Amino acid sequence: MGTVYAIANQKGGVGKTTTAVNLAACVAEAGYESLLIDVDPQANATIGLGIDKRTTPTVYDALLGDRPLAETILPSTITHLGVVPAGPDLAAAAMELPRVPGSENRLRDALAPIRGRYAFVLLDCPPSLGPLTVNALVAADRVIVPVQAEYFALEGLAGLLDTLQLVQRELNPRLTIAGMLLTMADHRTRLAQDVESEVRRHFPELVFDTVIPRNVRVGEAPSFGKPVIHYDPHCAGADAYFELAKEVAARG
Ligand SMILES: Nc1ncnc2c1ncn2[C@@H]1O[C@H](COP(=O)(O)OP(=O)(O)O)[C@@H](O)[C@H]1O
Ligand SMILES: [Mg+2]
37 MGTVYAIANQ
47 KGGVGKTTTA
57 VNLAACVAEA
67 GYESLLIDVD
77 PQANATIGLG
87 IDKRTTPTVY
97 DALLGDRPLA
107 ETILPSTITH
117 LGVVPAGPDL
127 AAAAMELPRV
137 PGSENRLRDA
147 LAPIRGRYAF
157 VLLDCPPSLG
167 PLTVNALVAA
177 DRVIVPVQAE
187 YFALEGLAGL
197 LDTLQLVQRE
207 LNPRLTIAGM
217 LLTMADHRTR
227 LAQDVESEVR
237 RHFPELVFDT
247 VIPRNVRVGE
257 APSFGKPVIH
267 YDPHCAGADA
277 YFELAKEVAA
287 RG
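Counting in the numbering used here, the sequence shown runs from 37 upward without gaps.
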C-alpha cells in the first residue's frame with residue numbers, strides 16, 4: 037500500500053501548493069502511480085496543473101456529496117499523475133463538515149477504496165487548521181510541513197505541532213511527521229542562512245536535507261499550468277524538487 041502525505045502549515049504563502057504540485061510531478065515522473073488531491077478552496081494546485089477551477093465534480097462531491105472519490109479523478113498532463121480538483125464550492129465544506137457527525141473521517145473513508153492503486157497520494161491543505169486540514173490529517177500517514185526561510189519562520193510552528201499531536205492522539209494514531217521543508221531560501225542572504233540553522237537547531241531530526249531555493253521559474257510555472265520540472269526541467273527549483281522526491285521516497 038502506498039503512502040498518503042498531507043502538505044500542511046496554517047500559514048499561507050509558505051510553499052504548500054508548490055511543494056504538493058512539484059513533489060507529485062517528480063514522483064509521477066519517476067514512474068510511481070500518484071494522486072494529488074486539492075483540499076484548498078482556492079484551488080491553486082488544480083489551476084497550477086492546468087485544470088479549470090470550474091471543473092466538476094470536485095473533492096467537495098466526495099466529501100459532502102455521495103460521489104465516489106474515484107469518479108472525481110482527472111488525468112493530468114503528467115503520466116502517472118491523477119488529480120482530484122478543488123473549486124470554490126469547497127469553501128462551503130469548511131462550514132458544512134462540522135455539522136456532520138464523524139465528518140473528520142470523510143476524506144479517509146473516501147480514499148480507502150482506491151488508495152491501494154497509488155504509491156503516493158498528496159493532499160494540498162488550505163492555510164488554516166480548520167475542518168479541511170483536519171480531514172487531510174486524518175486521511176494521511178505523514179505530514180510534510182513547508183517552512184518559508186524568512187524571519188518569522190518558527191512562529192506558528194509550535195501551534196501546528198500541537199494540532200498534529202492532538203489529531204494523532206484523538207483521531208489518527210498512524211500520523212507521523214515526514215519532515216519540515218525549508219522553502220524559498222535565498223542562499224545569498226545571511227538571513228536565509230540564519231533561519232535555516234535556527235530551524236535545524238530547533239528540530240534537528242525533522243528538517244529535510246533538501247532546501248528549496250527561491251527560484252523565479254518555480255513561481256512562473258503555475259501560470260503556465262505546469263509543474264516546474266516541465267516548465268524548465270533544468271532550473272535550480274526543478275533540481276531541488278527532484279532531490280526532495282528522492283529524500284521523501286527514501287524516508288518511506
Ligand atoms: N521556491 C520558490 N521560488 C519562487 N517562488 C515560489 C517558490 N515557492 C513558492 N513560490 C511562490 O510563492 C507563492 C506562495 O506559494 P504557495 O505554494 O502557493 O504557498 P501556499 O500553498 O503555502 O499558500 C506562490 O506565488 C508561489 O508561486
Ligand atoms: Mg496553497
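Just so it is clear, CB atoms sit at the ideal spot from N, CA and C, and this is done for glycine as well. Small disclaimer: the values here were computed from a predicted structure and weren't measured.
- Relative to ligand 2, the beta carbon of Gln78 is positioned inside 7 Å of a heavy atom.
- One thing to note: Ala274 has its Cβ no nearer than 8 Å to the Cβ of Ile248.
- Apart from sequence neighbours up to five positions away, the residues of its chain that approach Glu140 with a beta-carbon distance below 7 Å are Val170, Asn171, Val174 and Leu207, ordered along the chain.
- As the crow flies, the alpha-carbon of Gly261 is around 10 Å from that of Asn80.
- A straight-line Cα-Cα distance of about 31 Å links Tyr267 and Met37.
- Taking 7 Å as the cut-off, the C-beta of Thr53 counts as close to a heavy atom of ligand 2.
- Per the DSSP secondary-structure output, Gln184 pairs in a beta bridge with Thr219.
- Nearest Cα to Val179 within the set Cys161, Leu143 and Pro167: Cys161.
- Tyr154 carries a coil assignment under DSSP once its states are collapsed to helix, strand and coil.
- Using a Cβ distance threshold of 8 Å, Leu158 and Ala56 count as a contacting pair.
- For Ile73, the enclosing beta strand (DSSP E) begins and ends at Ser70 to Asp74.
- For Leu211, the three-state secondary structure derived from DSSP is coil.
- Assigned with DSSP and collapsed to three states, Val50 falls in coil, not helix or strand.
- By the beta-carbon neighbour count (other beta carbons within 10 angstroms, threshold 16), Leu202 is exposed.
- With distances taken between CA atoms, Cys62 lies nearest to Thr113 out of Gly48, Thr113, Thr108 and Arg226.
- Nearest in C-alpha terms to Asp74, of all of Ile83, Tyr187 and Ala66, is Ile83.
- Counted as a single uninterrupted DSSP element, the beta strand (DSSP E) harbouring Thr39 occupies residues Thr39 to Ile43.
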